[in-house]
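Chains as they are written, first to last, in the working numbering: chain A, 1 to 308; chain B, 1001 to 1273.
A virtual CB, placed ideally from N, CA and C, is assigned to each residue, including glycine.
Remarks on the structure that follows.
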Amino acid sequence: MNHLPDAGPRPGVRRVWRIDMALVTRAEGRMYLTPLVGFLLLFLGFPAIVNLIYSVSTVTFETLRSPVLSGFGNYVAVLNDREFWSSAWFSLRFGILTASAECLIGLFLAIFLAPLLSKRPVLMAPLMLPLMVAPAMVGLMYRLVLHEFAGPIPHYLFEWFGDSPAFLDINNAFRTLVVVETLQWTPFAFLLFYMAYSAIPLDVREASSLDGASPFEIVRWIDLPLMKPTLVIAFFIRFIDGFRVFDNVYALTGSGAGGSTTSLSIYVYQAFFKEGAIGKAVAASVVLFVASFIVLHGLNRLAGRGKL
Amino acid sequence: MVRVLRWIVFAIAVLAMNFPIVVTLITSLKSQRELSTNPGLWISQPTLDNYLEVLTQTSRFNIYAYLLNSTVAALIGTGLAIVLAFPAAYAIARSEAGKRLVLPIVINLRAVPLIIFAIPLYMMYQWLGLLDTRIGLGLILTIVNVPLALVILVNAISDVPAELDEAAKVDGASSLQVMMMIVRPVIRPALVTTFIFGFITAWNEFLFGLMLTTSRAVPMTVGASFFFAASGGGVKWGTASAVMMLGALPPALLGLVMYRQISGSMTAGAVKG
């Protein structure tokens, strides 16, 4: 693209080209970036600074605009709070379990259903529908689905087996939420995997099939290695979304019986809105920010090495 | 044989993943009386009464207000995100600016738990008088939408041959003219995809709707939960289900449009490969 037609006979063109080496100069580029950067600084940069200041201050709803610096007491309070650690543990387990389940089921569906879907792409639509519904709305829907009198699942369990577990009590809520999250977001992993799988040239598979490879061997030694970048990306996206989960958990169980379903996001929300413990909520936010920064930094380095 | 098995797996997957939607749809079509005796998956006397009630008796909870709030806030959140991201994407794709800092930071924003910013934003909104306003909610939804918008648009502009820009430049067009009159029409499909995707995301957002609105600007996702607040005799499952179906309808319909675009770009990729 940088080859000019014969330079000699058209000096005018050549002169223009020499002045503007880049299509858009760096100064112009900065100008085009300014609105976005300004917006982000106002809506994320400013809050980040407020977070940092308030996290080392004593502040209540009454003294919201005049925080008094008071050192790291808020951080100590957060890090000594058993609730904080149990919610961190909840988020971590939730993220890993749901991401794993979603990727495994999604991978199976993508490969197993590929022959069906490649002939009839319209079948993708019902598989993708769960992604279009608000997670909060899905959480509310499960209140109905699992309700002991109005819900069909307890109804049929009672009818068939004479008993139905309390899906949302302290022992079962975590498992129930994992299933709820997995069922809604498996389509996301499935979609990524199906696209990656479809992008593998058919002749690669045909060639190995001619060489006597079984379908299982083709998946194991051809497809999976080629899909590896997508597998990694899908897992991390789903892990992060599971880790910071709020909407469906809040809508379905809130913080749960005995705080059994308090994710980190719900912890921060409750510290602020329910307890009014602003300093603690803000300090927890900063801790969460640092944690996600570390995870993201590691992820980016991993991605950089793998040229993703 | 395997073909039959594939169909069975497909059917199970669709039913399991869409189960809450199916149950809600069925429940929304049952009469108040039938609901108390029949929680199963069949309807003996389908009725639209629940929808009628939701759409006509709006004195306590006004579903039109929630739908309007969601629409306005989502339009602001999507439109503004594109207005901000498009020039930035052009700069990133065509110049040296923004590649090393802005792009990675914005991409990673997608993965940051947004609750981190929620509390200072709440205070900031209180100072600015933006609490419980559609504009305020729309501005936050912009933040939610910007990362994906930027990625889609940078990819789309990078796919446009630079020769097109060069030709226009040689003819004396400024970079602003190139951006608006050459690049923008060429990447129109990507802009549409971004818009639809952003609108769905914004419509479905819950956390900021919950925190930043209380009455006047409540979006549909938050408003739907009001119908679960027991009104004396417990939850009225029929009306609550009708509300959820109506609230889930706009993004679901748009999603069907988007599905075509996704499969369209999929086949385009297949042709290219």
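- Neighbour flag for I278 (chain A) against chain B, beta carbons, 9 Å: yes
- Is it the case that the Cβ atoms of G1238 (chain B) and K1030 (chain B) are separated by a distance below 9 Å? yes
- Query: Within 9 Å (strictly less), CB to CB, does T1239 (chain B) reach chain A?
  - Reply: no
- Query: If we count the other Cβ atoms within 10 Å of its Cβ and call it buried at 16 or more, is Q184 (chain A) buried or exposed?
  - Reply: buried
- Message: Quick check on this structure: which residue in A:G258, A:A114 and A:P67 has the alpha carbon closest to the alpha carbon of N172 (chain A)?
- Response: A:G258
- Please list the partners that M1123 (chain B) has in chain A, where partner means a Cβ-to-Cβ separation under 9 Å. P47, V50, Y54, L64, R65 and I278
- So which of A:S86, A:I111 and A:V145 has the shortest CA-CA distance to T176 (chain A)? A:V145
- How about F188 (chain A) and A234 (chain A): are their beta carbons less than 9 Å apart? yes
- Complete alpha helix (DSSP H) runs within the stretch 111-187 of chain A (minimum length 4 residues, chain order): 124-132, 135-145 and 152-161
- Message: Using beta carbons (cut-off 9 Å, strictly below), is Y142 (chain A) in contact with chain B?
- Response: yes
- Query: When burial is assigned at 16 or more other CB atoms within 10 Å of the CB, is H147 (chain A) buried or exposed?
  - Reply: buried
- Per-residue DSSP class, three states only, for V68 (chain A): strand
- Query: Are the beta-carbon atoms of F272 (chain A) and Y1122 (chain B) separated by less than 9 Å?
  - Reply: yes
- Item | Rounded separation between L52 (chain A) and Q1126 (chain B) - CA only | 19 Å
- Item | Those residues which DSSP pairs with T58 (chain A) across a bridge | A:V68
- Item | Inter-residue CB distance, A1217 (chain B) and N1038 (chain B) (contact presumed, cutoff 8 Å) | Going by Cβ atoms, the distance from A1217 (chain B) to N1038 (chain B) rounds to 38 Å, so no, they are not a contact pair.
- Message: Against Q1244 (chain B), what residues of chain A qualify as contacts under a CB-to-CB distance less than 8 Å, listed in chain order?
- Response: Per the sequence shown, residue 1244 (chain B) should be read as Met rather than Gln. Neighbours of M1244 (chain B) on chain A, chain order: M137, L140 and M141.
- Under the three-state reduction of DSSP, which class applies to L1041 (chain B): helix, strand or coil? coil
- Task: Within 10 angstroms of the Cβ of W1203 (chain B), are there 16 or more other Cβ atoms? Answer buried if so, exposed if not.
- Result: buried
- Item | Interface flag, M1017 (chain B) vs chain A, CB-CB below 9 Å | yes
- Run through the stretch 1060-1138 of chain B for me and flag every whole beta strand (DSSP E) of 3 or more residues, listed as ranges in chain order. none
- Task: Closer than 8 Å, Cβ to Cβ, to anything on chain A: give me those residues from the stretch 1159-1170 of chain B, in chain order.
- Result: P1161, A1162, E1163, D1165, E1166, K1169 and V1170
- Message: At the 9 Å Cβ level, is L107 (chain A) part of the contact set with chain B, yes or no?
- Response: no
- Message: Can you tell me whether V246 (chain A) is helix, strand or coil according to DSSP?
- Response: Looking at the sequence itself, residue 246 (chain A) is Phe, so the reference to Val does not match. Residue state, collapsed to three classes: coil.
- Query: My guess is that F1228 (chain B) and F1061 (chain B) are in contact by the Cβ rule of under 8 Å, so how many angstroms apart are they, rounded?
  - Reply: That pair is no contact at about 11 Å.
- Show which residues of chain A have a CB atom less than 8 Å away from the CB atom of F1226 (chain B). Chain A residues near F1226 (chain B): none, gap ~11 Å exceeds 8 Å.
- Output the distance between the C-alpha atoms of F72 (chain A) and M1211 (chain B), rounded to the nearest integer angstrom. 27 Å
- Query: Span of the alpha helix (DSSP H) holding K1169 (chain B)?
  - Reply: A1162 to V1170
- Item | Minimum Cβ-Cβ distance from P1104 (chain B) to chain A less than 9 Å | yes
- Task: Would you kindly work out how many angstroms separate the C-alpha atoms of A48 (chain A) and T1214 (chain B), rounded to a whole number?
- Result: 24 Å
- Item | chain B within 9 Å of F90 (chain A), Cβ atoms only | no
- Look at P154 (chain A) and A1088 (chain B) and say whether their C-beta atoms are less than 9 Å apart. no
- Message: By alpha-carbon positions, which one of B:W1007, B:A1074 and B:L1103 ends up nearest to G1209 (chain B)?
- Response: B:A1074
- Task: Taking N1155 (chain B) as the reference, give the member of B:L1191, B:M1181 and B:S1059 with the closest Cα.
- Result: B:L1191
- Give the interface partners of N1069 (chain B) over in chain A, defined as CB-CB distance under 9 Å, in chain order. Within chain A, no residue comes near N1069 (chain B); the closest Cβ sits about 14 Å away, beyond 9 Å.
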